[in-house]
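*Asks:* Residue numbers (my numbering): 63 to 647.
By construction, the Cβ of each residue, glycine as well, lies at the ideal position given by its N, Cα and C atoms.
Just so it is clear, the structure is predicted and the values come from calculations on it, not from any experiment.
1. Indicate the three-state DSSP secondary structure (helix, strand or coil) for residue 485 in the structure shown.
2. Starting from residue 234, trace the alpha helix (DSSP H) both ways and give me its first and last residue.
3. How far does the alpha helix (DSSP H) with residue 201 in it reach, from first residue to last?
4. Taking only the alpha-carbon atoms, compute the straight-line gap between residue 443 and residue 557 and give it to the nearest angstrom.
5. Tell me whether residue 528 is buried or exposed, calling it buried when 16 or more other Cβ atoms sit within 10 Å of its Cβ.
6. Would you give the residue range spanned by the beta strand (DSSP E) that residue 520 belongs to?
7. So residue 641 packs on residue 615, CB below 8 Å; how close in whole Å?
8. Determine the extent of the beta strand (DSSP E) in which residue 595 is found, giving its start and end residues.
9. Look up residue 527 in the DSSP assignment and give the residues it is bridged to.
10. Would you report the Cα separation of residue 492 and residue 485, rounded to the nearest angstrom?
11. So residue 258 and residue 268 are supposed to be a Cβ contact under 8 Å. How far apart are they, rounded?
12. So within the segment 356–415, which uninterrupted alpha helix (DSSP H) runs reach at least 4 residues, ignoring any that extend past its ends?
13. Considering only the beta carbon of each residue, do residue 198 and residue 397 sit closer than 7 Å?
14. For residue 620, report the span of its beta strand (DSSP E) as first-last.
15. Just the Cα atoms here: how many angstroms apart are residue 578 and residue 544?
16. Can residue 162 and residue 607 be called in contact, C-beta distance under 7 Å?
17. Using the C-alpha atoms, what's the distance from residue 315 back to residue 306?
18. Please classify residue 182 as buried or exposed, where buried requires at least 16 other C-beta atoms within 10 Å of its C-beta.
19. From residue 416 to residue 351, what distance separates their C-alpha atoms?
20. Compute the Euclidean distance between the alpha carbons of residue 619 and residue 611, then round it to the nearest angstrom.
21. Output needed for residue 494: all residues of its chain with C-beta closer than 7 Å, excluding positions within five of it in sequence on either side, in chain order.
22. Under the assumption that residue 376 contacts residue 361 (Cβ atoms under 8 Å), give the Cβ distance between them as a whole number of angstroms.
23. Per DSSP, residue 511 forms a beta bridge with which residues?
24. Rounded to a whole number of angstroms, what is the C-alpha to C-alpha distance between residue 565 and residue 588?
25. Contact check, residue 318 vs residue 388 under 8 Å by CB: the rounded distance?
26. Any idea what DSSP makes of residue 346, helix, strand or coil?
27. With distance defined between alpha-carbon atoms, name the residue in 567, 395, 603 and 174 nearest to residue 651.
28. Okay, do the segment 238–246 and the segment 271–282 touch, 3+ Cβ pairs below 8 Å being the bar?
29. Check for me: the beta strand (DSSP E) holding residue 139 runs from which residue to which?
30. Take every Cβ of the segment 210–230, pair it with every Cβ of the segment 460–472, and state whether three or more of those distances are shorter than 8 Å.
31. Please classify residue 633: does DSSP put it in a helix, a strand, or coil?
32. Can you tell me where the alpha helix (DSSP H) holding residue 538 begins and where it ends?
33. Please classify residue 335 as buried or exposed, where buried requires at least 16 other C-beta atoms within 10 Å of its C-beta.
34. Our contact map puts residue 211 next to residue 165 with C-beta atoms below 8 Å; I'd like the distance itself, whole angstroms only.
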């Protein structure tokens, strides 16, 4: 009876597949695993916030600041900032980097590898800023925790860096999805804000991760949308001019927010002065308007229902916007997406009241402009119009809002970008005008790891060889001969094997380069020799390209192995190989 054979799983083979650009099935498996992991992390973080609410807040609601006595709620920011100042600022500056900005930085300059200490800090700082009554959201911590958890999975498996980049996007999407129950917005946010590119190989695993993250959250919190709003629609086309004016106003608010958040004057103050400014300003406003504290989703719900008084709306638009921006400028790591949504909804609700007073014939439904304000503010601050539109659709489950939402998002985004000269909040511009993740060359080279392009046909040899040793080297039919240093057996030069073969054929030429009539000096063999530097097996082609330029060499030898003295060479990659790959793509 014939035996049935089943394909065997090899982790090394799995890594090799992931190194290439067409590793879609393997990336989809990672997307599912990272989505489940991130969903579990998000549920744990939300439960931690809820536990804090049960322990410290009336009714167990971690946003019920208005039920606290004025003295108590004004004291909370002082306590939170003190704790952050004592326990976070005593650590090195590198460990104080948290949130979405940190995720983009690690993806840009560290191939998606995250320090464990920053991840641990994000847990307690995220809880402290929200429960401590600062104007802060949970989305920044959610994205950092999710992206780092997914990347940590890849690091433990020692996956190539091109797959770590996809895992970061998977963790980001699943974090947003599990936090808001918005799987589509999670995918778009990950690709538009974090990855800054759209590819099929990136989209599919990210979609799976976002789906898994949402499913895990649904098992615990149900499938209801984040906000309960009645169905609304554009109604009369006469609303369109006022929508444009409202979006223009919100774009200016977004520009103000970004300029204050990036204020060098605030950032240049001494640490104690910055922390005191945040604590005292938040405490003073919270005494009269507790709605500015925390994330503000209860205020957002009230804005959508048209239940907030004008003075509270003004406090949310002005005070919450400035408090959030000042907190960011002072260096306290907080999530900004939640507060931005709240400020946008309040600005839209205010515009609705002014429009009803100026033009009674418009007759818009309650919550209509507040919903537009949410999307317009998020799109303008992040310069992520698709993510803002998808968030609007999934947060409200109201497809009638999409057409006016598109108009509002475009107008507010253009206003912030052109009139206020603001780029996306999380993007720092380079002198060439493009963030490294937006550069087409580096994007293409980051999708593939070194093993997919390197030449594996090579032999290593000392500089001096006999004729017989030279012929033995060529018997292996290598493409390259790597010439080793005599001091540490590390290759420094690469010689094409064809050049040595040609020299062996030409006996007269060989006599001229022979040393003491017995040894051949490979440095004297006519041919092109490439200077080399090392690079590790997990590196992407973008890392290889950067290293070639930094070391001013034309080839790299690829090392693998974890212990320095036991590293082995697995291949060679040349500048020409990288250029050929890019030209073919």
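*Replies:* Taking the coordinates as given:
1. coil
2. 223–242
3. First-last of the alpha helix (DSSP H) with residue 201: 201–218.
4. 53 Å
5. exposed
6. 520–523
7. Contact flag wrong, Cβ pair sits at about 15 Å.
8. 591–598
9. 582
10. Interpretation of residue 492 is limited by its pLDDT of 38, a score under 50 that renders its predicted location unreliable; the figure taken from the coordinates is listed afterwards. For residue 492 and residue 485, the distance between alpha carbons rounds to 11 Å.
11. The C-beta distance from residue 258 to residue 268 rounds to 13 Å, too long to meet the 8 Å contact threshold.
12. 359–366, 372–376 and 383–391
13. Note that the C-beta distance between residue 198 and residue 397 is below 7 Å.
14. 617–622
15. Model confidence at residue 578 stands at a pLDDT of 48, short of 50, so the residue's coordinates are unreliable; what they give is reported in the following sentence. Near 23 Å, if we compare the C-alpha coordinates of residue 544 and residue 578.
16. no
17. 14 Å
18. exposed
19. 22 Å
20. Taking the CA atoms as reference points, residue 619 sits about 15 Å from residue 611.
21. With a pLDDT of only 42 at residue 494, under 50, the local geometry of the prediction cannot be trusted, and no value is derived from it.
22. Contact flag wrong, Cβ pair sits at about 12 Å.
23. 602
24. 7 Å
25. Actually they are not in contact, since the Cβ atoms of residue 318 and residue 388 sit about 12 Å apart, beyond 8 Å.
26. Residue 346 falls in the helix class under three-state DSSP.
27. As shown, the chain starts at 63 and ends at 647. That puts residue 651 outside it, with no answer to give.
28. yes
29. Here residue 139 belongs to no beta strand (DSSP E); instead the alpha helix (DSSP H) covers 132–149.
30. no
31. strand
32. No alpha helix (DSSP H) contains residue 538, which DSSP labels as neither H nor E.
33. exposed
34. Not really, about 12 Å apart at Cβ, beyond 8 Å.
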